[in-house]
Amino acid sequence: MDHFLYKNNELLAEDCSVAELARTHGTPLYIYSRATLERHWHAFDRAVADHPHLICYAVKANSNIAVLNVLARLGSGFDIVSGGELLRVIEAGGEPAKVVFSGVGKTAAEMEMALNLDILCFNVESAAELEQLNIVAGRIGKIAPVSLRINPDVDAGTHPYISTGLKDNKFGIAMEQAEAIFARAAALPNLEIKGVDCHIGSQLTEIQPFLDAMDRMLALIDRLAEQGIHIEHFDVGGGLGVSYGDETPPQPDVYAAALLERLGSRKLKLIFEPGRAIAANAGIFVTQVLYLKSNDDKHFALVDGAMNDLIRPALYSAWQNIIPVKPRDGKTLNYDIVGPICETGDFLGKDRELNLAAGDYLAVCSSGAYGFTMSSNYNSRPRSAEVMVDGEQAFVIREREKLTQLWQGEQLLP
Ligand code: LLP
């Protein structure tokens, strides 16, 4: 459930008129709903209520500091993948003690920054990274808390670009190497083993792959216990899907109940790293129709938003619903909704039945995750503004980029 609903034939974001926000702040524009973010976070947190756990929101999904701050105020932890994301969390008032650091290529500088801030755990992805972390921690006199990310080799059944738990993927440590690398971690002086983790992919709509991964990971944890290696937490990663269209992914309570059942009587603390499930349906992307054009076969709506603002359709052929901000009665046509960028792949949606006129506003739904964070300046287009609504109030949480910012930091030759 989200808080973008029609009332009197116009789209509202909570109690704010989307058309009015678009007029006031210009388009293209991202609009997020605070109530939806909070609702989704609570749905996760409540789902595992009695069992020791921490929800570490995956910052990469939407890293605006206002979004992070809303979640930090609920007591959220954070899953980060770079020094930049770590500093965003701090800037937003997040607690380093609730931060897990994922990612296959952490640099020594990022490790040092995270160690100095005393984060909760490093999710280590290779033997080489483990050695490096031990060296960095030793150099600055710290003990690094570590979890090893194991690749459980299960097929998440999702888009190949966002599937991460197969042997062929670059992520994690192969299961057959896991015990040897844990033994090495236990022997290194500047590390302390805290947990194990896995993340098998994103936008999963079935529960079975999560359970397959969990079974393999729990078997590993049991084997480690026999070898005297004690695991405090199991980080199950993120990946729970959302409905963009007709998908029916399990709700967080069903998902959590299934995992808890598998966990049995084990006392392990669970860490979750949801990104999309919290942010996707908490945001829309609003764009204005510039021109309509037709040829013998096709109708195009040229809009002012493009693949640089929202790349998911172009990159993954992702389908996101596109709805009119003020629906018109009358005859619809079958439109491709395309942007101004000089690429055939620059579309937000294809084959959409809509009744449109130039000047109309359209909302691309489910754009709160992997929307703005994946945006770029391609074609020298300034990045969109971002607004967060809270009931009847709306706040600019990121100003639209100015044209002169586009070449900030660039230099002419002498
Ligand atoms: N934890 C780790 C280690 C991850 O790599 C990811 C996502 C997450 C958590 C959060 O996953 P989520 O709950 O959001 O599925 N740009 C793509 C999605 C890439 C996901 C990458 N990793 C998209 O727009 O569909």
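Counting in the working numbering, the sequence shown runs from 1 upward without gaps. Cβ atoms here follow ideal geometry from the backbone N, Cα and C, with glycine treated the same way.
Within 7 angstroms of the C-beta of Ala282 there is not a single heavy atom belonging to the ligand LLP. Between the ligand LLP and the CB of Ser367, the shortest heavy atom gap is not smaller than 7 angstroms. The beta carbon of Leu37 is closer than 6 angstroms to those of Val70, Ala282 in its chain, skipping five residues each way along the sequence. Taking the C-beta atoms as reference points, Gly345 is found no nearer than 8 angstroms to Ile337.
The C-beta distance from Asn151 to Asn169 rounds to 7 angstroms, short enough to fall under 8 angstroms. Between Pro340 and Leu302 a beta carbon distance of about 7 angstroms is seen, short of the 8 angstroms cut, so the two are scored as contacting. The C-alpha of Arg381 is placed about 19 angstroms away from the C-alpha of Ile284. Distances from the alpha-carbon of Asn321 to those of Arg352, Asn308, Glu343, Lys293 put Arg352 closest. If you compare the alpha carbons of Met214, Phe210, Cys365, Glu401 with that of Thr287, the shortest gap goes to Cys365. Collapsing the DSSP output to three states places Gly83 in a helix. For Arg149, no alpha helix (DSSP H) encloses it; the enclosing beta strand (DSSP E) starts and ends at 144 to 151. Looking at the backbone, the Cα of Gly275 and that of Phe300 are separated by about 33 angstroms. Fully enclosed alpha helix (DSSP H) runs of no fewer than 4 residues occupy 18 to 25, 34 to 47 of the segment 5 to 58, in order along the chain.
If you check the C-beta of Leu68 against the ligand LLP, you find no heavy atom less than 7 angstroms away. Here Glu353 is bridged, per DSSP, to Asn334. For the pair Leu86 and Val100, the CB atoms are not nearer than the 8 angstroms cut-off. Phe210 is positioned such that its CB atom lies closer than 8 angstroms to that of Leu259.
Asp235 carries a strand assignment under DSSP once its states are collapsed to helix, strand and coil. The beta carbon of Pro145 lies closer than 6 angstroms to those of Cys121, Glu192, Lys194 in the same chain, with the five residues before and after it left out. Counting along the chain, Asn123 sits inside the beta strand (DSSP E) bounded by residues 121 to 124.
Between Glu392 and Asp45, the C-beta gap is not smaller than 8 angstroms, which leaves the two residues out of contact.
The residue from Ile278, Tyr255, Phe234 with its alpha-carbon nearest to that of Leu270 is Phe234.
The ligand LLP approaches Ala277 closely enough that one of its heavy atoms is under 7 angstroms from the residue's Cβ. Annotation for Ala47 indicates a beta carbon at 7 angstroms or more from all heavy atoms of the ligand LLP. Look at Val325 here: in three-state DSSP terms it is coil, with no helix or strand label. With a contact defined as Cβ atoms closer than 8 angstroms, Ala277 and Pro252 qualify at about 7 angstroms.
One thing to note: Gln227 has its Cβ within 8 angstroms of the Cβ of Glu179. Ala219 places its beta carbon 8 angstroms or farther from that of Val154. Here Asp197 is buried, its C-beta having at least 16 other C-beta atoms within 10 Å. Spatial neighbours of Asp50 in its own chain (CB-CB distance under 8 angstroms, excluding positions within 5 residues in sequence) are not present.
Within the segment 244 to 332, the alpha helix (DSSP H) runs of at least 4 residues that lie entirely inside it are, in chain order, 252 to 263, 276 to 279, 312 to 316. For Glu386, the pairing in a beta bridge is given by DSSP as Tyr30, Arg398. Looking at the backbone, the Cα of Gly238 and that of Phe272 are separated by about 6 angstroms. In the three-state reduction of the DSSP assignment, Tyr370 falls in the coil class. One alpha carbon belongs to Leu362, the other to Arg39, and they sit about 25 angstroms apart. The shortest C-alpha to C-alpha distance from Asp246 to any of Thr404, Tyr6, Thr373, Trp319 is the one to Trp319.
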